[in-house]
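Trainee: Chains as they are written, first to last, in our numbering: chain H, 3 to 368; chain V, 3 to 368.
All C-beta atoms, glycine included, are put in the ideal place defined by N, C-alpha and C.
Structure incoming, see below.
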DNA sequence: GTCACAATTGTTTGCGCTAACATTTCAGGG
DNA sequence: CCCTGAAATGTTAGCGCAAACAATTGTGAC
């Protein structure tokens, strides 16, 4: 079609020649600059489609010194939450016209974090989103002090950096409050690893809800997110657990716990109620189907990008801004019921409501 | 430290000035060109560390017309296999000095694939790895005919393009052969969606093993990878299934099946043996722990990168090359046992071994 | 018609690097 | 000592684009 067409992809100058304008006008059309006449714009657009021209992003990056790519730093992609968060990030970033480059960390060491940051820095990313932020990771990040904006998909709402957060604590309280409403008074917890913000937040939520209801904390067992650790916790709980209900910090550990309880054997929920966290798709098919807390991780990812974009524009404005946290929800299934062995006590308490159960929602029977 | 240092990051010319050489010599040092004197190299290296110089990858890309980034096209990151594969890809690519850009597909439509390819093409990726290749996706890919090398992490060993494969069929046969060795003669299958290569391969492996053992295929139910579809299949199977064993195309569906069986109630493995596929970490904590097929997805990812790298160098050589497929393994746990209801028949058959059970491994009692 | 001013277009420059070519340096044979 | 060729280094010219500046056109008031 066009004049001097070699076999190389067309560049801006080719378009300019075909459209009968200067290459700068072509640039202006592409970048939606205001001062371009309708006629010129039309000609340029025609030439672009005729030649199948595509702007060379790399050249643009060199000229503008902006790479249009954001880096995502993650460690545990095979976990449900992070994987979903990444999905949300990718989608939002691509919609915003950015490229998404990823780096995964096998282990969180200073060296590995530094290496990954190096990688991103080489690439000239314009921002970094940290999914799965260990405190260790954030600390390493602070020490390295990357020159680009860093946003963390975190639950540490006290952190001074920019980020998007899901209110993990509120989710945990939801779970525990549900158990309290059912009449449980001995509510234990299987936590995630204590070097994860999420795990700490969920544990604190458990504690808070208990304190509000003037209930003593039940048995606390430390897990590591893995089903195996939930299983081990279940075995440790033994045949006569010191609790009538367990709030478990993620669904995988809850799965392990369920298996251990079956093996004791203990009936669920009659002998022990269980609430998980995350609501991964499989949770509905555990045996019995797991009552759990649902989090919108994709939304979290989206918010990370939103926060990042904003930080690019507000350029040094107050960087402590947090997006509205994502709201967790309780998903009721079949692993919770009123406590059996304490039924008597429960009924007795209900008729003249125990004074310590102050919030009305908590003392009601449903 | 250095002379005229503004606040901008140092560039090659700065290094050259400090080292007392030309910028081209600096370039040669960085790129490990042979003809550089030891002295010059040393000076340049000293200057680089002194200034904290980092090569601008974007400028390099513009000059060399190579972006050093590879695109990963994926759809279902929350599935175990794809997530793990991505992990392997990322690691291998980064080790090979490449950047990894991702694009995720919500739905497999021609438009969405075209859009993602556009995205990569804009970015100037040097290769694309397709994780989770639907036939539909590959077809769209073929029609668009991207100008870059495409490698697929696929199990379609007949496909004409380059790729790395895991021998899904062999895994399926492993599963079925195990059941046959236990004495099962009525072995059913719950498949994945038929527009996934993996699902088709596994189904065919099931059929092959059965045929080899001269056994008729048991009930075949079509699922969609989700636990829910496995559950539905379990309900469809009913209280008196027409099989004594089921080979399930992934662990999630097996989980759903397990729940359905518990609810019938049917005992596992006494009433029905179950074998899954993938060996995701949770499988060991299903109730009962799931016998399944383990695949090394990370290795698959690594091989994709290896295949891609090779295709870059062999440049148009025979592109049908396939890397050695990843070997699947049978992981024995607690969901398989000898068939109970057919025990009599089984024993009878064993004493004078049925002529149709030809391969010795299949007719033996273990 | 002329002038002032805005709207529109074109030209030049350089982003930071590498490839290609040009030049200098060095070693060894005659 | 000069000549030859290789090794080492320097110089120039883009890669394709956008920013800054320069030039041109058009518009309306007078």
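Throw me the rounded Cβ distance for the residue 332 of chain V and residue 275 of chain V pair, which I believe falls under 8 Å.
Mentor: That belief does not hold up - the Cβ atoms of residue 332 of chain V and residue 275 of chain V are roughly 13 Å apart, past 8 Å.
Trainee: Measure the beta-carbon distance from residue 82 of chain V to residue 313 of chain H and round it to whole angstroms, keeping in mind my assumption that it falls under 8 Å.
Mentor: Rounded, the Cβ-Cβ distance is 34 Å, inconsistent with contact.
Trainee: Could you list which residues in chain V have their beta carbon closer than 8 Å to that of residue 112 of chain H, in chain order?
Mentor: Ordered by position in chain V, no residue passes the 8 Å Cβ test against residue 112 of chain H, which lies about 18 Å from the chain.
Trainee: What would DSSP say about residue 103 of chain V, mapped onto helix, strand or coil?
Mentor: DSSP places residue 103 of chain V in strand when its eight states are reduced to three.
Trainee: Anything in chain H within Cβ reach of residue 2 of chain V, meaning under 8 Å, just list it in chain order.
Mentor: The structure shown does not extend to residue 2 of chain V, since chain V is modelled only from 3 to 368, so the question has no answer here.
Trainee: Excluding five sequence neighbours on each side, which residues of the same chain lie with their C-beta closer than 6 Å to the C-beta of residue 30 of chain H?
Mentor: 38
Trainee: At a Cβ cut of 7 Å, what residues of the segment 250-265 of chain V count as close to chain H, listed as they run along the chain?
Mentor: 254, 257, 258, 260, 261 and 264
Trainee: Is residue 318 of chain H close to chain V? Criterion is C-beta to C-beta, closer than 7 Å.
Mentor: Model confidence at residue 318 of chain H stands at a pLDDT of 43, short of 50, so the residue's coordinates are unreliable and nothing is read from them.
Trainee: Does residue 224 of chain H get closer than 7 Å to chain V when you measure Cβ to Cβ?
Mentor: no
Trainee: Do you know how far the Cα of residue 116 of chain V is from the Cα of residue 254 of chain H?
Mentor: 37 Å
Trainee: Going straight from the alpha carbon of residue 280 of chain H to that of residue 260 of chain V, what length do you get?
Mentor: 21 Å
Trainee: Span of the beta strand (DSSP E) holding residue 222 of chain H?
Mentor: 222-224
Trainee: In this structure, does DSSP put residue 270 of chain H in helix, strand or coil?
Mentor: coil
Trainee: Measure the alpha-carbon distance for residue 192 of chain H versus residue 336 of chain H and round it to whole angstroms.
Mentor: 19 Å
Trainee: Tell me where the beta strand (DSSP E) around residue 248 of chain H begins and ends.
Mentor: It spans 247-250 - the beta strand (DSSP E) in which residue 248 of chain H sits, taken as one unbroken run.
Trainee: Alpha helix (DSSP H) containing residue 62 of chain V: first to last residue?
Mentor: 59-66
Trainee: Within a Cβ cutoff of 7 Å, which residues of the same chain sit near residue 176 of chain H, ignoring the five residues on either side of it in sequence?
Mentor: 295, 330 and 332
Trainee: On the criterion of 16 or more Cβ atoms from any shown chain inside 10 Å, does residue 33 of chain H qualify as buried, or is it exposed?
Mentor: The residue is exposed, with fewer than 16 neighbouring Cβ atoms inside 10 Å.
Trainee: Residues of the segment 223-243 of chain V with a CB closer than 8 Å to any CB of chain H: list them in chain order, please.
Mentor: 228, 229, 230, 232 and 233
Trainee: Does the Cβ-Cβ distance between residue 238 of chain V and residue 220 of chain V come in under 7 Å?
Mentor: no
Trainee: Based on the DSSP output, what are the partners of residue 191 of chain H in its beta bridges?
Mentor: H:222 and H:249
Trainee: According to DSSP, simplified to helix, strand and coil, what is residue 176 of chain V?
Mentor: helix
Trainee: Comparing alpha-carbon positions, which option in H:36, H:54 and H:41 lies nearest residue 14 of chain H?
Mentor: H:54
Trainee: Shortest alpha-carbon distance to residue 197 of chain H belongs to which of H:226, H:213 and H:173?
Mentor: H:226
Trainee: Applying the criterion that 16 or more other CB atoms from any shown protein chain within 10 Å of the CB defines a buried residue, is residue 63 of chain H buried or exposed?
Mentor: buried
Trainee: If I follow the unbroken alpha helix (DSSP H) through residue 18 of chain V, where does it start and stop?
Mentor: 14-21
Trainee: Of all the residues that make up the segment 9-41 of chain V, which are near chain H by a beta-carbon distance shorter than 9 Å?
Mentor: 11
Trainee: Would you mind telling me which residues of chain V sit closer than 9 Å to residue 55 of chain H, beta carbon to beta carbon, in chain order?
Mentor: Near residue 55 of chain H there are no residues of chain V at all, since even the closest Cβ is about 12 Å away, more than 9 Å.
Trainee: Does the distance from the CB of residue 127 of chain V to the CB of residue 71 of chain V come in under 7 Å?
Mentor: yes
Trainee: Cutting at 7 Å between CB atoms, please list the residues of its own chain near residue 209 of chain H, excluding the five before and the five after it.
Mentor: 219
Trainee: Would you call residue 151 of chain V buried or exposed, if buried means 16 or more other Cβ atoms sit within 10 Å of its Cβ?
Mentor: buried
Trainee: Suppose you measure from the CA of residue 155 of chain V to the CA of residue 222 of chain V; what does that come to, to the nearest Å?
Mentor: When rounded, the distance between both Cα atoms is 26 Å.
Trainee: Along the segment 126-148 of chain V, where does the CB come closer than 7 Å to a CB of chain H? Name the residues.
Mentor: 126
Trainee: Taking just the CA atoms, how far does residue 49 of chain H sit from residue 111 of chain V?
Mentor: Separation of residue 111 of chain V and residue 49 of chain H (C-alpha to C-alpha, rounded to the nearest whole angstrom) is 29 Å.
Trainee: Return helix, strand or coil for residue 280 of chain V, following the three-state DSSP convention.
Mentor: strand
Trainee: Kindly list the residues whose CB is nearer than 6 Å to the CB of residue 229 of chain V, restricted to its own chain and excluding five residues on each side of it in sequence; keep chain order.
Mentor: 254, 257 and 258
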